[in-house]
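K.L.:
Encoded as structure tokens, here's the structure I'll be asking about.
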Amino acid sequence: MVFYKRVSMASSALILSGLASSASYAEDIVDMSLRDLMDLQVFTSATRVPTQLTKAPGTVFRFSRQDFARFGARNVTDLLEFVPGVQINQYRKRHRSIWVRGLLDRYNSKMVLEVDGVRTRSLYYNHFSLDDAFPLEQIESVEVVLGPVSSLYGANAFAGIISIKTRDFSADSKLQMTAEVGDHERRKVSGLYNSEKFQAFGSYLEQDAPFREDRKSFIGSDVLQPLDEDYQSLQLKLRPLDGLTLKLDYKKSEVPFLFIPPTQDGFIEEESTQFTAAYEVGSLESGRLEVHAYHNNLNAHEHEVEQETRQLGYLEHQDATMAGASALFLRRFSEHTLAGGVVWEREAADNTSYTRYYYFADGFLDPPEQGNLLSEPDFEADNLAAYAQDVWVLPSKLELTLGVRYDDFEHYGDHLNYRAALVYEPSERHTGKLMYGTAIRTPNLRESLKVLEGNTFVPPELEPEEINSLELAYLYQLDWANVSVTLFHNELDNYIREVPSPEDEYFANISETVTFDGVESVVNLRPHEALDIRFGVSYLNTEDPDGYDLPYLSEWNSNLKFEYRLSERHTLGAAFIYGSDREDLNFFDDDDADAFVITNIFASGQISKGLSYSLGVDNLFDERIYDPAADFGGQHNTERAEREVWAQLAWTLDL
1 MVFYKRVSMA
11 SSALILSGLA
21 SSASYAEDIV
31 DMSLRDLMDL
41 QVFTSATRVP
51 TQLTKAPGTV
61 FRFSRQDFAR
71 FGARNVTDLL
81 EFVPGVQINQ
91 YRKRHRSIWV
101 RGLLDRYNSK
111 MVLEVDGVRT
121 RSLYYNHFSL
131 DDAFPLEQIE
141 SVEVVLGPVS
151 SLYGANAFAG
161 IISIKTRDFS
171 ADSKLQMTAE
181 VGDHERRKVS
191 GLYNSEKFQA
201 FGSYLEQDAP
211 FREDRKSFIG
221 SDVLQPLDED
231 YQSLQLKLRP
241 LDGLTLKLDY
251 KKSEVPFLFI
261 PPTQDGFIEE
271 ESTQFTAAYE
281 VGSLESGRLE
291 VHAYHNNLNA
301 HEHEVEQETR
311 QLGYLEHQDA
321 TMAGASALFL
331 RRFSEHTLAG
341 GVVWEREAAD
351 NTSYTRYYYF
361 ADGFLDPPEQ
371 GNLLSEPDFE
381 ADNLAAYAQD
391 VWVLPSKLEL
401 TLGVRYDDFE
411 HYGDHLNYRA
421 ALVYEPSERH
431 TGKLMYGTAI
441 RTPNLRESLK
451 VLEGNTFVPP
461 ELEPEEINSL
471 ELAYLYQLDW
481 ANVSVTLFHN
491 ELDNYIREVP
501 SPEDEYFANI
511 SETVTFDGVE
521 SVVNLRPHEA
531 LDIRFGVSYL
541 NTEDPDGYDL
551 PYLSEWNSNL
561 KFEYRLSERH
571 TLGAAFIYGS
581 DREDLNFFDD
591 DDADAFVITN
601 IFASGQISKG
611 LSYSLGVDNL
621 FDERIYDPAA
631 DFGGQHNTER
641 AEREVWAQLA
651 WTLDL
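Written out as structure tokens, the structure reads:
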């Protein structure tokens with residue numbers, strides 16, 4: 001219990017000093033040992049209770065604002081490259097897919113993304129994108145939990161969760177402006193006004209998506225698609241009363257369909273407006289209540305333009321409304337910290353119609369073909385859940401976490417998920433963890449209600465995917481070094497995969513179990529007061545029901561980062577991202593997903609009081625890297641971004 005007060009005060013002091021000056025932050029971390037820094041980090045997402053990072057159940061990672069520059073990151077996906085067990089894969093539409101511990105997912109629907117305690121996603125694909133859609137300038141911290149956590153977060157907390165916390169209110173009024181330029185005509189500006197009770201953030205980015213002009217489409221032909229894109233973001237936060245936060249979050253983007261055949265250009269436009277209210281009152285000792293409510297209106301459409309005539313060739317809508325409310329109560333009783341919560345979520349498809357004016361094999365259609373993406377165009381659902389958890393401090397330096405959650409889905413019935421985790425810390429140097437848990441992933445609308453064009457075949461109804469996971473971890477800490485090793489075994493049932501039909505593909509569950517085994521490790525070293533080294537590595541072994549490895553996945557992934565402090569004000573860094581070769585299922589000869597190494601170099605520092613910089617080169621040697629298309633098997637693989645040189649200035653003014 002003393003820990004919570006001590007860590008809260010110490011970490012708050014460190015965070016405030018870092019916000020005041022990156023130079024003073026650098027001085028702080030030089031003066032502190034790696035073990036002291038680990039002890040100060042507080043992690044919330046694993047149990048919803050503030051917990052010392054080393055004692056959080058499961059495999060967890062936390063990135064603070066000060067870490068963004070230290071990793072050379074410009075978006076959240078860049079940070080995930082440094083999480084062992086996570087494989088980033090470029091998809092043919094603009095986003096990057098996040099595969100955790102071998103759980104393939106083109107549309108990022110096997111993890112939960114929470115922003116300020118509220119789940120964020122689209123409805124049709126049950127998807128989120130983390131690249132330039134979430135500017136780092138508005139983010140305070142990013143927490144990552146690997147492994148199933150449906151016992152707390154419900155459906156789709158299957159491979160883990162990503163929890164983003166936006167910028168805290170400031171005790172004093174401040175104004176911060178950033179400007180970034182880079183290759184591919186990249187121009188980005190952002191502004192943040194912050195005060196004790198009001199905050200306003202805005203960001204605008206325009207660029208040519210950083211991909212080669214001579215790339216191939218998903219059918220192996222040349223691509224003529226233009227690459228210009230833009231992202232807009234506006235966030236307003238208000239604290240009218242103590243404990244009450246109101247937030248308006250508006251985002252708009254237009255991005256290219258990167259690997260479309262040359263007969264047409266494709267674009268994806270999204271516009272979302274979300275209102276959120278959060279109320280927090282009380283303390284763990286007397287009882288703490290946290291209430292969230294949100295309403296999100298999403299308008300998204302994809303359209304294609306025929307190359308020669310520039311006439312509209314295809315238009316589809318993916319408009320939806322999502323809303324929800326949750327209440328969580330926390331209370332500590334002696335050696336027990338109890339949590340209980342209820343959740344209501346509503347989702348409705350507003351417009352999922354499509355019109356096809358042009359088809360590459362037939363030319364323009366007369367009359368145009370009209371239809372709906374969903375076999376149930378008026379889809380809507382109300383889902384309810386209740387959960388409970390106990391964090392129990394046992395004798396002999398043991399801590400046991402027990403959690404269970406009941407979900408009642410309107411379309412998929414009721415499901416019960418649970419988790420049991422044991423943390424053993426016999427001394428300051430040694431920590432052991434053991435966890436067993438379950439999770440489910442409900443099918444997204446594209447999987448469950450997809451209309452098969454030109455096909456009378458009716459796909460079977462889908463069941464949610466289910467996973468059982470066993471995890472064992474060990475952490476060893478010294479003042480100048482620490483090393484963690486995690487072993488996991490996952491068994492996946494009702495695996496949803498693509499199945500060909502005469503005219504189209506559909507999705508179906510397979511009855512056999514798919515297994516995933518792996519080892520992950522992170523090593524942090526400080527051989528000199530000015531030098532930090534971080535090394536992460538993971539090994540993955542998969543087996544499908546026929547005894548073969550699953551395609552598309554790297555067996556080995558690793559990352560290596562060096563950070564050297566030239567002075568109190570300036571830091572240099574370099575990072576290397578490695579992935580072993582990946583098997584694809586297509587018949588093209590020029591797109592093998594071979595092993596690769598990406599080299600990034602970066603620097604950051606303080607120019608003067610209130611003025612700081614960061615700059616870097618991503619993919620320094622301009623490696624041409626192919627990622628498996630992982631889209632019904634036979635398509636041409638996709639390319640990763642080419643080299644990018646970039647620089648950013650940040651200016652902070654106390655008002």
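In the UniProt record's numbering, the protein residues as written are 1 to 655.
Built from N, CA and C at the ideal position, the CB exists for glycine as well.
Under the rule that 16 or more other beta-carbon atoms within 10 Å means buried, what is residue 386, buried or exposed?
P.N.:
Numbered from its first residue, the sequence shown carries residue 386 at position 386. That one is exposed.
K.L.:
Count the CB pairs spanning the stretch 188 to 204 and the stretch 167 to 174 that are closer than 8 Å, and state whether there are at least three.
P.N.:
Yes: at least three Cβ pairs fall under 8 Å.
K.L.:
As a quick exercise: from 55, 33, 439, 43, pick the residue whose alpha carbon is nearest that of residue 430.
P.N.:
Sequence index remark: in the sequence shown, residue 430 carries index 430 (1-based). Among 55, 33, 439, 43, the Cα nearest to that of residue 430 is on 55.
K.L.:
Report the option in 499, 495, 469 whose CA atom is closest to the CA atom of residue 510.
P.N.:
In the sequence shown, residue 510 corresponds to position 510, counting from 1. That would be 495, whose Cα lies nearest to the Cα of residue 510.
K.L.:
Assuming residue 183 and residue 140 make a contact with CB atoms under 8 Å, what is their CB distance in whole Å?
P.N.:
The residue given as residue 183 occupies position 183 in the sequence shown. The residue given as residue 140 occupies position 140 in the sequence shown. Not quite, the Cβ-Cβ distance comes to about 29 Å (not below 8 Å), so this is no contact.
K.L.:
I believe residue 538 touches residue 523 by the beta-carbon criterion, under 8 Å. Please report the beta-carbon distance rounded to the nearest angstrom.
P.N.:
As a working mapping, residue 538 is identified with position 538 in the sequence shown. As a working mapping, residue 523 is identified with position 523 in the sequence shown. That belief does not hold up - the Cβ atoms of residue 538 and residue 523 are roughly 13 Å apart, past 8 Å.
K.L.:
Short check: CB of residue 526 to CB of residue 560, under 9 Å?
P.N.:
As a working mapping, residue 526 is identified with position 526 in the sequence shown. As a working mapping, residue 560 is identified with position 560 in the sequence shown. Their beta carbons are not under 9 Å apart, which means residue 526 does not touch residue 560 by this criterion.
K.L.:
How would you write the range of the alpha helix (DSSP H) that residue 550 sits in, first residue to last?
P.N.:
Taking the sequence shown and counting its residues from 1, the one referred to as residue 550 is at position 550. Careful: residue 550 lies outside any alpha helix (DSSP H) and carries neither H nor E.
K.L.:
Measuring CB atoms only, is the stretch 118 to 135 touching the stretch 88 to 103, in the sense that at least three cross pairs come out at less than 8 Å?
P.N.:
Yes, the stretch 118 to 135 touches the stretch 88 to 103.
K.L.:
Classify residue 151 as helix, strand or coil using the three-state DSSP reduction.
P.N.:
The residue labelled residue 151 in the question sits at position 151 within the sequence shown. Looking at residue 151 - three-state DSSP - the assignment turns out to be helix.
K.L.:
Alpha helix (DSSP H) containing residue 523: first to last residue?
P.N.:
Start at 1 with the first residue of the sequence shown, and residue 523 comes out as number 523. No alpha helix (DSSP H) contains residue 523, which is instead part of the beta strand (DSSP E) from 514 to 528.
K.L.:
Near residue 472, what residues of its chain come up, given a Cβ to Cβ distance below 6 Å and the 5 sequence neighbours on each side ignored?
P.N.:
For the purposes of this step, residue 472 is taken as residue 472 along the sequence shown, with counting starting at 1. If we look at residue 472 and ignore the five residues flanking it on each side, its Cβ neighbours are 434, 487.
K.L.:
Just the C-alpha distance for residue 614 and residue 608, rounded to the nearest angstrom, thanks.
P.N.:
Position 614 of the sequence shown holds residue 614. Position 608 of the sequence shown holds residue 608. Their backbone Cα atoms lie some 13 Å apart in a straight line.
K.L.:
DSSP beta-bridge partners for residue 329?
P.N.:
Your numbering for residue 329 matches position 329 in the sequence shown. Answer is 289, 340.
K.L.:
Threshold first: 3 residues or longer. Then list the beta strand (DSSP E) segments lying entirely within the stretch 371 to 405, N to C.
P.N.:
380 to 394, all fully within the stretch 371 to 405.
K.L.:
For residue 77, report the span of its alpha helix (DSSP H) as first-last.
P.N.:
Taking the sequence shown and counting its residues from 1, the one referred to as residue 77 is at position 77. First-last of the alpha helix (DSSP H) with residue 77: 76 to 80.
K.L.:
My understanding is that residue 563 touches residue 215, with C-beta atoms under 8 Å, so please give their C-beta distance in whole angstroms.
P.N.:
Here residue 563 corresponds to residue number 563 of the sequence shown, with the count starting at 1. Here residue 215 corresponds to residue number 215 of the sequence shown, with the count starting at 1. Rounded, the Cβ-Cβ distance is 33 Å, inconsistent with contact.
K.L.:
Mind the definition here: the stretch 342 to 358 touches the stretch 368 to 378 only if three or more C-beta pairs lie below 8 Å; say whether that holds.
P.N.:
Output reads yes: the stretch 368 to 378 touches the stretch 342 to 358.
K.L.:
State whether the stretch 232 to 252 contacts the stretch 330 to 347, with contact taken as three or more CB pairs (one from each stretch) at a distance under 8 Å.
P.N.:
Contact fails: fewer than three Cβ-Cβ distances are below 8 Å.
K.L.:
Just mark residue 364 as buried or exposed, buried being the case when its beta carbon has 16 or more other beta carbons within 10 Å.
P.N.:
In the sequence shown, residue 364 corresponds to position 364, counting from 1. Classification for residue 364: exposed.
K.L.:
Could you have a look at residue 69 and say whether DSSP puts it in helix, strand or coil?
P.N.:
Counting from one through the sequence shown, the residue named residue 69 turns up at place 69. Reduced to three states, the DSSP call for residue 69 is helix.
K.L.:
Report yes or no: do the stretch 285 to 304 and the stretch 313 to 330 share at least 3 C-beta pairs separated by less than 8 Å?
P.N.:
Cβ pair count under 8 Å is three or more, so yes.
K.L.:
Count the C-beta pairs between the stretch 113 to 126 and the stretch 227 to 234 that are closer than 8 Å, then say yes if the count reaches three, no if not.
P.N.:
No: fewer than three Cβ pairs fall under 8 Å.
K.L.:
Is it true that the stretch 137 to 157 meets the stretch 277 to 293, where meeting means three or more beta-carbon pairs spaced less than 8 Å apart?
P.N.:
As far as the Cβ criterion goes, the stretch 137 to 157 does not touch the stretch 277 to 293, which means the pair count is below three.
K.L.:
By how many angstroms is the C-alpha of residue 204 removed from the C-alpha of residue 271?
P.N.:
Position 271 of the sequence shown, counting from 1, holds the residue named residue 271. Position 204 of the sequence shown, counting from 1, holds the residue named residue 204. Distance between the alpha carbons of residue 271 and residue 204 is about 14 Å.
K.L.:
Is the stretch 338 to 350 close to the stretch 300 to 316, with three or more CB pairs under 8 Å?
P.N.:
Judged by Cβ distances under 8 Å, the stretch 338 to 350 makes no contact with the stretch 300 to 316, as fewer than three pairs qualify.
K.L.:
List the whole-angstrom C-beta distance separating residue 379 from residue 315, where the pair is believed to meet the contact cut-off of C-beta under 8 Å.
P.N.:
Translated into the one-based positions of the sequence shown, residue 379 becomes position 379. Translated into the one-based positions of the sequence shown, residue 315 becomes position 315. Actually they are not in contact, since the Cβ atoms of residue 379 and residue 315 sit about 20 Å apart, beyond 8 Å.
K.L.:
Between residue 121 and the rest of its own chain, which residues show a CB-CB distance below 7 Å, the 5 nearest in sequence each way excluded?
P.N.:
The sequence position of residue 121 within the sequence shown is 121, counting from 1. So the list reads 113, 127, 128, once near-sequence residues are dropped.
K.L.:
Quick check on the burial criterion: 16 or more other C-beta atoms within 10 angstroms. Buried or exposed for residue 22?
P.N.:
Position 22 of the sequence shown, counted from the start, is the residue given in the question as residue 22. Because residue 22 carries a pLDDT of 42, less than 50, the predicted location of this residue cannot be relied on, and the following value inherits that uncertainty. Burial call: buried.
K.L.:
With H, G and I counted as helix, E and B as strand and the rest as coil, what does DSSP make of residue 448?
P.N.:
For this step, residue 448 is matched to residue 448 along the sequence shown. Residue 448: helix per DSSP, three-state reduction.
K.L.:
Tell me which same chain residues have a C-beta within less than 6 Å of the C-beta of residue 201, skipping the five on either side of it?
P.N.:
Start at 1 with the first residue of the sequence shown, and residue 201 comes out as number 201. Once the five neighbours on either side are set aside, the close Cβ partners of residue 201 are 138, 192, 235.
K.L.:
Short of 6 Å in beta carbon distance, which residues of its chain neighbour residue 474, apart from the five on each side in sequence? Order them along the chain.
P.N.:
As a position in the sequence shown, residue 474 is number 474, starting the count at 1. 432, 485.
K.L.:
How about residue 82 and residue 71: do their beta carbons lie closer than 9 Å?
P.N.:
On the sequence shown, residue 82 is found 82 positions in, with the first residue counted as 1. On the sequence shown, residue 71 is found 71 positions in, with the first residue counted as 1. Cβ distance < 9 Å, so residue 82 and residue 71 count as in contact.
K.L.:
When we look at the beta-carbon of residue 650 and count the other beta-carbons within 10 Å, is it buried (16 or more) or exposed?
P.N.:
Counting from one through the sequence shown, the residue named residue 650 turns up at place 650. With 16 or more other Cβ atoms within 10 Å, it is buried.
K.L.:
Quick check on DSSP: helix, strand or coil for residue 32?
P.N.:
Indexing the sequence shown from 1 puts residue 32 at position 32. Of the three classes helix, strand and coil, the one that applies to residue 32 here is coil, per DSSP.
K.L.:
Does the distance from the C-beta atom of residue 623 to that of residue 598 stay below 9 Å?
P.N.:
Start at 1 with the first residue of the sequence shown, and residue 623 comes out as number 623. Start at 1 with the first residue of the sequence shown, and residue 598 comes out as number 598. For residue 623 and residue 598, yes; Cβs fall inside 9 Å.
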